[in-house]
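Heads up: the structure comes next, in structure tokens.
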Amino acid sequence: MSVQVLFQNRRPDRIATLDEYRRSGGYTALSGILRDKSRRDVIQRVTEANLLGRGGAGFPAGKKWSLVAEDAPFPRYIVVNSDEMEPGTFKDRVLIHTDPHTIIEGIIITGYAVSAQKAFVFVRPSYETSAVILEQEVEAARQAGYLGKHILGSDFSFEIVVHRSGGRYICGEGTAILNAIMGKRPNPMKPPPYPTVKGLWGQPTVVNNIETLAFVPHIIRNGADWFKNLAATENGAGTKLYCISGKVRQPGCIELPIGTRLSEIIQDHCGGMLDGSQFKACLPGGASTRYLTPEHYDVPMDFDSLKAIGHRLGTAAIMVFDHKTCLVGVTLNLIQFFSRESCGWCTPCREGLPYIQDLLWRIENGEGREEYIPRLETMAKHMWNAYCALAPGAASPVESLLTFFEDEVREHISQRKCPFR
Amino acid sequence: MPRLTIDDIEIEVPHGTKVIDAAERLGIMIPRFCYHRGLGSVGACRMCAVKFLQGPFKGLQMSCMIDAQDGMVISTTDAEALDFRRHVIEWLMLNHPHDCPVCDEGGHCLLQDMTVSGGHGMRRFSGEKRTYRDQYLGELVQHEMNRCIHCYRCVRFYREFAGYRDLGALQIAQKVYFGRLADGPLESPFAGNLVDLCPTGVYTDKPARFRARRWDLERGPSLCIHCSLGCNTVAGARYREVLRQEARLNEEVNGYFICDLGRYGFAYAGHPERPRSPRIGSQAVGWQEAVAVACDRLARLGPRSIACLSSARASVETLGTLKYLSKRVGSDHFVCFYDAAVKFKMGEIVSKLDGRTAVSLRDIEKADLLIGVGADPINAAPMLALAMRQAQRAGAKVVMMDPRPLFLPCDFEHLSVSPELFDVCLSALVKSTFDRERVGKHGEAAVTLYDRMLSCDPLDASVQARLEPLIAVVEGCRRPIIICGSDIAPASSVSFAADVALLMGEVKDQSGVFYVLPGANAYGAALFDAANGSSFESVVQEIEDGAIKALIVAESDPFRYVADRDRLQRALNKLELLLVLDYLPSETVRKAHIFLPTRAIFETRSSFINQEGRLQVAEKIHSPGTPIWQVSNKGHPPRLYGTGICGGEPRAAWRVLQQIAHTLVHSQNEISENDPWPVIGGECAVLARHHQHNGPLHGLRIIPQTSTAAFFDGDLDLQPKQPMDGHLTLLPVVSTFATEELASYSEIIQRVIGSPCAYLHSDDAERCGLLDCDRIRIAVDDGFLEIDLTVSDKMARGFLILPRHSRFEWQKLHCFAQGLPVEKIGNCTP
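In order, the protein sequence lines correspond to chains A and B. The first sequence begins at 133 in the working numbering and counts up by one. The second sequence begins at 265 in the working numbering and counts up by one.
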């Protein structure tokens, strides 16, 4: 077993308590920085640790925090994104159910780093148990003096509010989440202004994924070099929660050094493919990424390595498909999700995705025509000119289906049925 | 200023110009749906994609979202951009019902234009179309959601721009629905703008529905004359009848929008009972005979025995010619305002509006502090409320002094004080902003006024506490504007508002006073009426004394305004001649001895001067004469034509009056058959200087740069008063859509106005034993008035506020007996 950071207190049957978290060194990072570290020190250490955002975009967390100017107005807010709706992704839920206090301590330190007054933890409503856990443990932290006025006797006061999402995929988008919290229609907003300048109610706001912030206490406690050395690759930093689903023997959420090879994840940590199954493809980072083919079976699973071969790590939710799986059907399934979850703001996403869905449905159900293939290609390409990243994400599986599995699509058309059925 | 290249043409544009607008300056119309200059850019429809070849942005970008910058090279015809835009159109047309043959938007539909210009012709999508259920949105706007292309213009206007909440975007993805939570009339008095804004036929003009195709309308620039703002419109007529109006862009006045009163008030001109033929007694006659008899009877009367009445709805042409006639026939009496107090205030306003004090609606939007003094924008001048909201969205503070329970579609600080306290409140609010030295620049009178402000008695503690934080706002602001009503505001406040605006100009970047006047041409009427000691009261008295024997009433209806109708009727009975010229089926018209039908604004070129002194022109839209719809029994196509006297249709009032003058007066060099302006210029020096037949599009301000009138001479009332316990003062006020004279003849507006309702403070209500929603009875001399009561705590104590509502005989209120006249008789009518 490699080094476990976020999952060090993981138990098979219950969440780690506040005392258990403290016994593992919990809240010493917070008390330490409140004693003798400035907010700049905190940002510097997190920047040095090269902590990249775990929500999918991989933006450096320290850099994002430093965008909140020293003289920016108050109040300032933290938004913690746990609206986990990317298909195949379930790391936030497992993390909250494992060790909630590493998240809470991370949020408080982040609040200190940007001089914020309040954090909103935005939880997917299907995760009601997660929300309840967070509420209970936030209260426990408050009782222990880690939240509220004058935390641990310092000048720093901070509050955490657990906020349940309205329950749509788009609410988790980095700017739509702000509208959702403010009670507005959750349409994304194109920056500028960036949330770090004008976010919630026009005030500076830092939006981070829950996994990102959970690493912060460990970085403060153990140092930037320790964090960087956790990675399996030269450029990576830290560990990563990988969610593996699909045709493997032991699917689940596991913490591994970032940059662990795909083959290693599947073979060594998930017990290999199911009996009689061969690896055909996987989506490496949730439904908004491109199909990864056997050619790249050995790719190190980190941001840079995947980017180098034209793929994205995304949320590191690996969905594994075997040779008996129809990828037209898979893609249709994903597009149904995306076209259902479009916020309806811009035309390509609102009208184009249902169009793509219709074409894929026809191909999958034996009504496909040759001319649908170039039409799908063009439409998927045009999705990149949509307002936010939802439509380009939705186009990724479609584009890669046509790139890597065009023959399979043509078979559907020529046989007038799905060859896998 | 950035220089950029669009389609190989270089252009330099001001900073902040969007690329889509820069292209438009070159005559390159980049397709768009969601972009609207009045609403800004949001990048939703993706229709305006162009290719950025060089500069800080690269590749396909939305031209509405990017400011023009130096060195940009842009192609609007790049193959990738064309292909993308073609796809956007294809996507938008997936679910469109293709019902263009029966769609009122047909012919001016942006979606039609873009479909054709975007190059999408053949339907490739073979899936099912999404369908919606339409909603009932009231009598003005028709809903047809299946046509929607989701540009979000409607909700951006309705919620963000106008500040109303009952229309919004519901659902997500392909099911996004623009409507209300439940069927019901749209609550905003600006809802009609949805018709203009919608790029396809989701919202169409309901009263005009199926009445005409766009290309069959006779359209032309017109004006709204339902309040004093002078919003610009485009009127569209078919078969001698205006069917619909749209907003016309005027950057200085109404911007891109108008209110629903302006859009739907026009139906008075097509009133089925509109008198359209000259009449002697009850006998319809030809024009020649009617005018000849009128002249003959006038000529037989001695000098000084003729009085002339007009009103603030009459055009400059009508007023000027009537004034000319009035002087030539030896009359001292020329009355446009029935209320002597209003007439006095109008004199003050016209003399004090000048280049230093007057501001436009556009200036209101740019202000950072708005102080209302006895003004109720939503009821008296709705578009003013919209401008105030834009100021507030940009950060302005809004303070309103008014006893009424005001509503505004923006946040505001309401000082619910009695009109008697306006002077002292305004004084307390602004005095610390000035210093003696700067005030001194405006002379002795200014210093005296300033000293009086400084020494004024302290206010009631609760009012003072509300004022304290506002005083700091006044001190800190840079662009304050005072919005002053002319209705419930006392004359001293009307005068003081201009004084304060002038003094503010000394210490602020920009300042001004924005008056709300009692009528579309109140400013114009005051120009002719001001230096004139006559009043309506004196006219009535002289009729009673027998001195005045004839009355010429041009486009005015004294019965509408005069409280003592019996006395008015008795006076009219004494007249030897009551000559009435009008286009409304009014009480006065019915009583006329000789009646001459005149043309409404749509039937003759006419000029009006709005509340900031802006002269604007409405063009003739269609020929006068009975609408074919009315003579053909609403059949389509019309088979019958008019049976009236040939050539007997209405004539412009100024032509008729000139004709009478021509007959009666011997020296008549000024009279020109086709031009009223030589005559008008002779009567009003200001207009002689400024009249232009083809003035600038946004009108022509005729105010002097520096007024020669005396500022700082008002009779300020700086004594704070304690309300008299147990005493209720009746306060008749203006009510949106329900007060204005022309609208009361508009069948469309009559369909949508609410029932009249009185307001009483909750303390007063408790004292009188009255509850919210009670039906109350008010004793007047000759009987009772009944009305529903609304109890509010957002108004001043000691007032019973009553609407001048067309379904409430407010004119009788003058007879109000002292004491407690109000009693409950039941509950509100449902």
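Don't be surprised by glycine CBs; every beta carbon is placed ideally from N, CA and C. Quick caveat: nothing in here was measured; it's all calculated off a predicted structure.
Within chain A, the residues whose beta carbon sits less than 8 Å from that of B:Arg310 are Cys478, Thr479, Pro480, Asn517, Ala518, Tyr519, listed in sequence order. By the beta-carbon neighbour count (other beta carbons within 10 angstroms, threshold 16), B:Asp846 is buried. A:Gly461 is the residue among A:Gly461, A:Leu466, A:Ile352 whose C-alpha sits nearest the C-alpha of A:Val541.
Distance between B:Asp939 and B:Trp918, taken at the CA atoms: about 9 Å. Not a single C-beta of chain A is nearer than 8 Å to the C-beta of B:Trp941.
In this structure the segment 367 to 377 of chain A touches the segment 437 to 454 of chain A; the number of beta carbon pairs closer than 8 Å is three or more. With a cut-off of 8 Å on Cβ pairs, the segment 425 to 433 of chain A is not in contact with the segment 458 to 475 of chain A, counting fewer than three such pairs. Going by DSSP, B:Gln318 is part of the beta strand (DSSP E) stretching over 313 to 318. The shortest C-alpha to C-alpha distance from A:Glu509 to any of A:Glu499, A:Tyr487, A:Asn497 is the one to A:Tyr487.
A Cβ-Cβ separation of about 22 Å leaves B:Pro667 out of contact with B:Phe1001 under the 8 Å criterion. By the 16-neighbour rule on beta-carbons within 10 angstroms, B:Met336 is buried.
Between A:Pro336 and A:Gly238, the CB-CB gap reaches or exceeds 8 Å.
Note on geometry: alpha-carbon atoms of A:Glu218 and A:Glu305 lie some 11 Å from one another.
Per DSSP, the continuous alpha helix (DSSP H) segment holding B:Ser381 begins and ends at 374 to 382. A:Ser214 carries a strand assignment under DSSP once its states are collapsed to helix, strand and coil.
Collapsing the DSSP output to three states places B:Cys572 in a strand. Excluding its 5 nearest sequence neighbours in each direction, A:Glu291 has C-beta neighbours in its own chain below 6 Å: Lys250, listed in chain order.
Straight through space, the alpha carbons of A:Asp454 and A:Leu394 are spaced by roughly 15 Å.
Look at B:Pro539 here: in three-state DSSP terms it is coil, with no helix or strand label. Residue B:Met311 holds the alpha-carbon nearest to the alpha-carbon of B:Leu356 among B:Ser327, B:Met311, B:Arg577, B:Leu791.
Contact check for B:Arg653 and B:Pro673: beta-carbon distance about 5 Å, within the 8 Å limit, so the pair qualifies. Against chain B, a Cβ distance below 8 Å from A:Ser471 picks out Ala437, Gln438. Closest by C-alpha distance to B:Gly448, out of B:Gln438, B:Asp430, B:Phe454, B:Met1059, is B:Asp430. For B:Phe389, the nearest CB of chain A lies under 8 Å from its own CB, placing it at the interface with that chain. Excluding the 5 residues flanking it on each side, A:Arg154 has no same chain C-beta neighbour closer than 7 Å. B:His886 and B:Phe530 have their C-alpha atoms roughly 13 Å apart. Excluding sequence positions up to five before and after B:Ser452, its CB lies within less than 7 Å of the CB of Tyr422, Ala426, Tyr428, all in the same chain and listed in chain order. What B:Gly307 touches in chain A, judged by beta-carbon distance under 8 Å, is Lys322, Cys478, Tyr519, going in chain order. For A:Tyr487, the C-beta contacts it makes with chain B under 7 Å involve Trp355, Leu358, Phe389, in order along the chain. The beta carbon of B:Val1016 does not come within 8 Å of any beta carbon belonging to chain A, so the residue lies off that interface. If you ignore the 5 residues before and after B:Ala864, its C-beta comes within less than 6 Å of the C-beta of Ala533, Tyr847, all in its own chain and listed in chain order. For B:Ala313, the neighbours in chain A by C-beta distance under 8 Å run, in chain order, Asn517. Under DSSP, A:Asn341 takes part in a beta bridge, and its partners are A:Asn213.
Going by beta carbons, A:Ile351 and A:Leu183 fall inside the 8 Å limit. When the beta-carbon positions are compared, A:Leu491 and A:Ala523 stay at least 8 Å from each other. According to the DSSP secondary-structure assignment, B:Ser896 is paired through a beta bridge with no residue.
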